[in-house]
Amino acid sequence: MAQAQDDAPKRAQRDDKEGDLAIVGRSVTIARPRNELFAFWRDFTNLPTFMEAIESIQMTGENRAVWTVRAPAGQQVTMETELAGVVENETIGWHSVGGSQIRTAGMVTFTDAPAGRGTVVSAQIAYEPPAGDIGRLVAKLFMAEPNIQARHELKRFKMLMETGEIATSAYHKTNDGEQ
Amino acid sequence: MRALTWHGTNDVRVDTHPDPEIMNPRDIILKVTSTAICGSDLHLYDGVIPGMKSGDILGHEFMGEVVETGSKSTLRKGQRVVVPFTISCGQCFFCQHEQFSACDNSNPVEKQDASEKLYGHAVGGIFGYSHLTGGYAGGQAEYVRVPFSDVGPIVVPEGMDDDKVLFLSDILPTGWMAAENAQIEPGDTVAVWGAGPVGLFAVQSAVIMGAEQVICIDHHPHRLELAKKLGAKIINFQETHVREALMEMTGGIGPDAVIDAVGMEAHGFVVDNVLDLVKQKISPGADRGHALRQALLACRKGGRVSVPGVYGGMLDKWPLGAMMEKGLQIRGGQTHMQKYTKDLLRRVEEGEIDTTFLISHRLPLEEAPTGYKNFHDKQNEWTKVVLKPGMTT
Numbered sequence: 006m007a008q009a010q011d012d013a014p015k016r017a018q019r020d021d022k023e024g025d026l027a028i029v030g031r032s033v034t035i036a037r038p039r040n041e042l043f044a045f046w047r048d049f050t051n052l053p054t055f056m057e058a059i060e061s062i063q064m065t066g067e068n069r070a071v072w073t074v075r076a077p078a079g080q081q082v083t084m085e086t087e088l089a090g091v092v093e094n095e096t097i098g099w100h101s102v103g104g105s106q107i108r109t110a111g112m113v114t115f116t117d118a119p120a121g122r123g124t125v126v127s128a129q130i131a132y133e134p135p136a137g138d139i140g141r142l143v144a145k146l147f148m149a150e151p152n153i154q155a156r157h158e159l160k161r162f163k164m165l166m167e168t169g170e171i172a173t174s175a176y177h178k179t180n181d182g183e184q
Numbered sequence: 598m599r600a601l602t603w604h605g606t607n608d609v610r611v612d613t614h615p616d617p618e619i620m621n622p623r624d625i626i627l628k629v630t631s632t633a634i635c636g637s638d639l640h641l642y643d644g645v646i647p648g649m650k651s652g653d654i655l656g657h658e659f660m661g662e663v664v665e666t667g668s669k670s671t672l673r674k675g676q677r678v679v680v681p682f683t684i685s686c687g688q689c690f691f692c693q694h695e696q697f698s699a700c701d702n703s704n705p706v707e708k709q710d711a712s713e714k715l716y717g718h719a720v721g722g723i724f725g726y727s728h729l730t731g732g733y734a735g736g737q738a739e740y741v742r743v744p745f746s747d748v749g750p751i752v753v754p755e756g757m758d759d760d761k762v763l764f765l766s767d768i769l770p771t772g773w774m775a776a777e778n779a780q781i782e783p784g785d786t787v788a789v790w791g792a793g794p795v796g797l798f799a800v801q802s803a804v805i806m807g808a809e810q811v812i813c814i815d816h817h818p819h820r821l822e823l824a825k826k827l828g829a830k831i832i833n834f835q836e837t838h839v840r841e842a843l844m845e846m847t848g849g850i851g852p853d854a855v856i857d858a859v860g861m862e863a864h865g866f867v868v869d870n871v872l873d874l875v876k877q878k879i880s881p882g883a884d885r886g887h888a889l890r891q892a893l894l895a896c897r898k899g900g901r902v903s904v905p906g907v908y909g910g911m912l913d914k915w916p917l918g919a920m921m922e923k924g925l926q927i928r929g930g931q932t933h934m935q936k937y938t939k940d941l942l943r944r945v946e947e948g949e950i951d952t953t954f955l956i957s958h959r960l961p962l963e964e965a966p967t968g969y970k971n972f973h974d975k976q977n978e979w980t981k982v983v984l985k986p987g988m989t990t
């Protein structure tokens, strides 16, 4: 007898690999309209405001962007991505281009939440588990816990969109929130 | 600035810290004029709440004067405000549904992981109450940074003393919500475990909400005396068999609603409590819940159980069968402060509710460690300590 198809997204399944790529992701419900959230994310230069690991994103063409990832001791890692599969107010996809130090693909979808609760934003990131020297560096800083990273970034996005700011318990500017 | 600082179990000191600054647009900086020690601060003092770090500034019951405002704050310099202990953004799903203490956006993202793991969901932010609830510096200090100042703080009407309104910061709304969660109906008997500040305000609230009979259970004679003055009947558990007494005082039915205003550090030398105490000594995060167990057993069939007392972790020997077989309803939670503060301020202004009777001691901030020690060790006489940073030692 055929087994019924599981409705859970790939990232929640026990086998969360897609070929040689690992899949991570998270959904959040944000109490703001879909078009507003889509427009903010569509402009990639906005992403570093809530993605802490990203130093900056520079557009190098209409669909191409260079991401500069923070690393310790002033080091930086860059990757170049190309937009793929943009559907107005619904989906934004991107993938790394050849020669990039990190092989990755991402997609974020925007759907209306039920009963006027706002918008469900789901991000899914596929990445190649890193290898080699650069891989280890990246693993340590950027992708050691990609799941946690994705969760944190989406929660910061939600905070920024709902409240206009990102919560911190730091109480003075030289404090890191640890008191 | 000077601030009461946690260094470890039963070790709090007044230390010097940097002054707080505006960090986000909706912030204010408050100059604290009055701040109280809460019964739940004693859980921190005893080291039974996980997620504390040496150097944390305590205090979640405070009020004062606005001295600095962020660009998006709706408050003005010079205004006197009382600050709710829970931090709420006002815009997330939970705030929009008046479940303010469940706010999604007040606990900083990197602090949310711990409670998401421990409870299944990240909890909202609370001032001065461990890094599980955000690691925010508390208000037992000369100054404090208050985020989302357009949502939380209550502006104090001209001419009202600090002592009259300070408890709008936590224990009065907490006692009120405890009584509301008991869903009181005409003819009801409501039994309240704990004649501490929250228990006493729950008694007062249950009386206002029309309970036929309110019964308060404790072992401190002076605290029971206060409960009696508020209109409760009293049971001293050291002298009386509580469940038997409650049955006899309700015509053999049992209380219609029970309120556990004790929480995770229940007293009493009974087997379950002693075992819990041993566990709690070994690891923070284990709860000691004799009062709650007794309340569940005493509650009438189909009755209501309200839990304002603080629990932070796991509780063994929870009589789940009593809940199922008697069909009990259980409600709890940190207080949804902003839902209640306006109405309660009106009741205080009109004189329907008095909160000042509770204050037994007023101390300068510098003497806060003495306040903690005595509030902890001499519970009968030290019913509530208010710290005044402006008072000279």
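Top line first, the protein sequences correspond to chains A and B.
So the numbering used here is basically just the index in the first sequence, starting at one, shifted up by 5.
So the numbering used here is basically just the index in the second sequence, starting at one, shifted up by 597.
C-beta atoms are modelled at their ideal positions from N, C-alpha and C, and glycine is treated no differently.
- E618/B reaches chain A at Y176, H177, K178, counting residues in chain order whose Cβ is nearer than 8 Å.
- DSSP places F115/A in the strand class (E or B) of the three-state scheme.
- Residues of chain B whose Cβ lies closer than 8 Å to the Cβ of R122/A are, in chain order, F690.
- With 16 or more other Cβ atoms inside 10 Å of its own Cβ, S727/B counts as buried.
- The DSSP-derived three-state label of D853/B is coil.
- Note on A17/A: under 16 other CB atoms within 10 angstroms of its CB, so exposed under the neighbour-count rule.
- Below 8 Å, enough C-beta pairs join the region 765-782 of chain B and the region 802-815 of chain B to call them touching: three or more.
- The residues E158, R161, in chain order, have a CB closer than 8 Å to that of M56/A in the same chain once the five nearest residues on each side in sequence are set aside.
- Residue state for A17/A is assigned as helix, using DSSP reduced to three classes.
- In the DSSP assignment, C813/B falls within the unbroken beta strand (DSSP E) covering 810-815.
- The Cβ-Cβ distance between V678/B and I619/B does not fall below 8 Å.
- Considered as a whole, the region 901-985 of chain B harbours 917-923, 938-946, 965-974 as its complete alpha helix (DSSP H) runs of no fewer than 4 residues, in chain order.
- For V629/B, the uninterrupted beta strand (DSSP E) segment begins and ends at 625-634.
- Excluding residues up to 5 positions away in sequence, L42, G123, T124, V126, K163, M166, E167 lie with their Cβ nearer than 7 Å to the Cβ of I35/A in the same chain.
- If you ignore the 5 residues before and after V800/B, its C-beta comes within less than 6 Å of the C-beta of V789, V811, C813, A824, L827, A829, all in its own chain and listed in chain order.
- Excluding sequence positions up to five before and after V91/A, its CB lies within less than 8 Å of the CB of R47, I97, G98, all in the same chain and listed in chain order.
- Taken atom to atom, the span from the alpha-carbon of M64/A to that of G111/A is near 17 Å.
- Remark: three or more beta-carbon pairs, one from each stretch, lie closer than 8 Å, so the region 670-677 of chain B and the region 742-759 of chain B are flagged as touching.
- In the structure shown, I832/B adopts extended strand secondary structure according to DSSP, grouped into three states.
- By DSSP's assignment, W99/A forms a beta bridge with L88/A, G111/A.
- Annotation: R37/A is outside any beta strand (DSSP E) and is labelled neither H nor E by DSSP.
- Taking C-beta separations shorter than 6 Å and ignoring five residues to either side along the sequence, the partners of G929/B in its chain run V904, following chain order.
- Our two residues, R840/B and Q891/B, have alpha carbons roughly 8 Å apart in a direct line.
- Per DSSP, R75/A is one residue of the beta strand (DSSP E) stretching across 69-75.
- Inter-segment contact for the region 938-948 of chain B and the region 698-710 of chain B is absent: fewer than three beta-carbon pairs are separated by less than 8 Å.
- Under the 8 Å Cβ criterion, the region 627-642 of chain B counts as touching the region 654-663 of chain B, having at least three qualifying pairs.
- Chain A places no beta carbon closer than 8 Å to that of N833/B, leaving this residue out of the contacts.
- Bounds of the alpha helix (DSSP H) holding I768/B are 768-778.
- Residues are counted here when their Cβ sits less than 8 Å from a Cβ of chain A; for the region 698-710 of chain B these are D701, N702, S703, N704, P705, V706, E707, K708, Q709, D710, given in chain order.
- Counting the other Cβ atoms within 10 Å of the Cβ of R820/B gives 16 or more, which makes it buried.
- In the structure shown, the three-state DSSP call for G661/B is strand.
- DSSP, reduced to helix, strand and coil, places G66/A outside both helices and strands of the structure shown, so it counts as coil.
- Here the alpha carbon of S685/B sits roughly 7 Å from the alpha carbon of S698/B.
- The beta-carbon of A7/A is placed no less than 8 Å from the nearest beta-carbon of chain B.
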